[in-house]
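Working notes, beginning with the structure itself.
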Amino acid sequence: MHLTDTQIFILLTILKIVVVLVITLTSVAYTVLLERKVIGLIQNRWGPSRVGPFGLFQPLADGIKLFLKEDLMPFAVERPLFVLAPLIALSCALVSIAVVPFGNVFEYHGVDLFQISDINIGLLVILGITSIGVYGIALSGWSSNNKYSLLGSLRASAQVISYELALGLSLVGVVMRSGSLRLRDIVDTQATHGFLSWNIWPQLLGFFVYLMAAYAETNRAPFDLPEAESELVAGYHTEYSSMKFAMFFMAEYANMITVSCVATLLFFGGASSPLGHFLPDNFGGPILMHIFPVLWFVFKVFCFLFLYIWVRSTLPRFRYDQLMSFGWKWLLPLSMLNIVGTALVLAFKG
């Protein structure tokens with residue numbers, strides 16, 4: 001049976017979505033294992049080591065346990081919103097991956113196989129979708145009818161309002177330098193001279209602000225106030241169990257991967273080779289020229305995930321007043337200063 005171009009486009013798009021979804025969910029599971037193993041090494045203990053060789057089947061065992069666990073629902077909760085909240089959190093965490101270019105352009109029947117959707121405002125799409133994810137956290141705390149859950153969700157909402165401003169403004173300098181909100185354009189402007197043309201060098205201040213705001217956006221230590229177990233039992237997901245709790249858990253790690261992807265694309269050249277002309281992306285023939293960029297991209301994202309884990313095992317949690325003060329009094333002014341500095345530099349160059 002002969003397929004039309006439209007049918008081929010639809011089939012390839014569905015295939016891309018399925019493959020990226022499977023890879024992302026698998027990465028989420030093994031990021032949890034990576035975190036447990038790395039923190040174990042830092043704290044001079046083994047971490048997971050019983051299930052499978054080197055504990056490699058531990059994520060599978062955890063998934064089976066959560067899936068078979070009894071799903072408890074307190075009597076006084078707002079049932080529709082209680083069920084909807086984890087779905088919102090996980091969906092928003094996964095959808096934003098759709099605009100991330102994982103490698104160079106590789107077209108088959110007019111379809112780019114290394115990016116689900118290439119749109120002109122890809123950066124705004126990621127910022128918008130990840131911002132909506134906080135509704136899942138806010139609804140989970142309110143619908144639980146539990147004061148500890150409510151306080152955790154309010155903290156998450158306040159963090160997003162405080163740090164979303166700094167995070168968005170920290171990326172304005174990158175957009176000014178590239179002249180585009182399209183993620184491929186931003187990567188292409190950094191691919192001329194290897195790591196020397198990466199945005200991390202002229203945008204070091206913006207990268208620092210982005211990194212700190214990203215920790216707070218994803219509720220990770222030392223900014224994990226919405227789920228501070230010493231104060232809030234378990235925070236906004238106190239009343240959740242079984243797969244509903246697993247969805248919040250997966251959403252957190254999926255957001256970590258998204259944040260790492262954005263940092264890689266905007267500040268570290270995306271899938272481009274850091275060695276520039278010494279090892280260009282077309283090195284090794286037609287097959288390797290498409291494999292190497294994907295490997296570079298995965299390696300850079302892995303480095304950010306390792307940094308996430310390292311910071312969690314090293315730094316203590318902030319107090320809530322310190323969290324708010326740091327966001328409004330330091331990160332927001334620094335992000336605005338970075339915009340002014342970038343504008344002056346570009347004006348003098350022009």
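Note that this note's numbering numbers the sequence shown so that position 209 is 209, with each residue one more than the last.
Each residue gets a CB set at the ideal place from its N, CA and C atoms; glycine is no exception.
Check	Outcome
Any 3 or more C-beta pairs closer than 8 Å across the segment 98-106 and the segment 291-298	yes
Span of the alpha helix (DSSP H), counted from its first residue to its last, around Met336	Leu332 to Lys349
Candidates Ser325, Leu305 and Tyr320, of which the one nearest Val28 by Cα	Leu305
Closest by C-alpha distance to Gln43, when choosing among Ala343, Gln322 and Arg312	Arg312
Contact under 8 Å by Cβ, Val175 with Leu123	yes
CA-to-CA distance, Thr130 to Trp142, given in whole angstroms	20 Å
Contacts around Ser180, its chain only, beta-carbon distance under 7 Å, and the 5 residues preceding and following it disregarded	Ile186
At least 3 beta-carbon pairs within less than 8 Å: the segment 76-83 vs the segment 144-151	yes
Among Leu315, Ala251, Pro202 and Ser96, the one whose alpha carbon lies nearest that of Leu346	Pro202
Residue environment, Val19, which counts as buried when at least 16 other CB atoms sit within 10 Å	exposed
Spatial distance of Ser49 from Thr258 (CA atoms)	28 Å
Span of the alpha helix (DSSP H), counted from its first residue to its last, around Pro222	No alpha helix (DSSP H) holds Pro222; DSSP gives it neither H nor E.
Separation of Ala343 from Ile10, as counted between CA atoms	42 Å
Nonlocal neighbours in the same chain, by C-beta distance under 8 Å from Ile8, ignoring five residues either side	His109 and Val111
Residues near Arg220 in its chain [Cβ-Cβ closer than 8 Å; skip 5 each side]	Glu252, Met256, Tyr308, Val311 and Arg312
Cβ-based neighbour list, Glu227, same chain, cut-off 8 Å, excluding 5 preceding and 5 following	Gly152, Asn219, Ala234, Gly235, Tyr236 and His237
Pairwise C-alpha distance: Met73 and Leu323	32 Å
Where Leu240 falls: helix, strand or coil (DSSP)	Here residue 240 turns out to be Tyr, not Leu, going by the sequence shown. Three-state DSSP puts Tyr240 in coil, outside helix and strand.
Residue of Arg319, Phe195, Tyr320 and Trp328 minimising C-alpha distance to Phe267	Phe195
Local conformation of Val111 per DSSP, three classes	strand
Short Cβ contact (8 Å threshold) for Leu265 with Leu183	yes
Start-to-end residues for the alpha helix (DSSP H) that takes in Glu231	Glu229 to Leu232
Cβ of Leu323 within 8 Å of any chain B Cβ	As a matter of chain content, chain B is missing from the structure shown, which is built from one protein chain.
Cut-off 7 Å between Cβ atoms - residues of its own chain near Met336, not counting five sequence neighbours on either side	Leu169
Euclidean distance between Cα positions of Cys303 and Val209	18 Å
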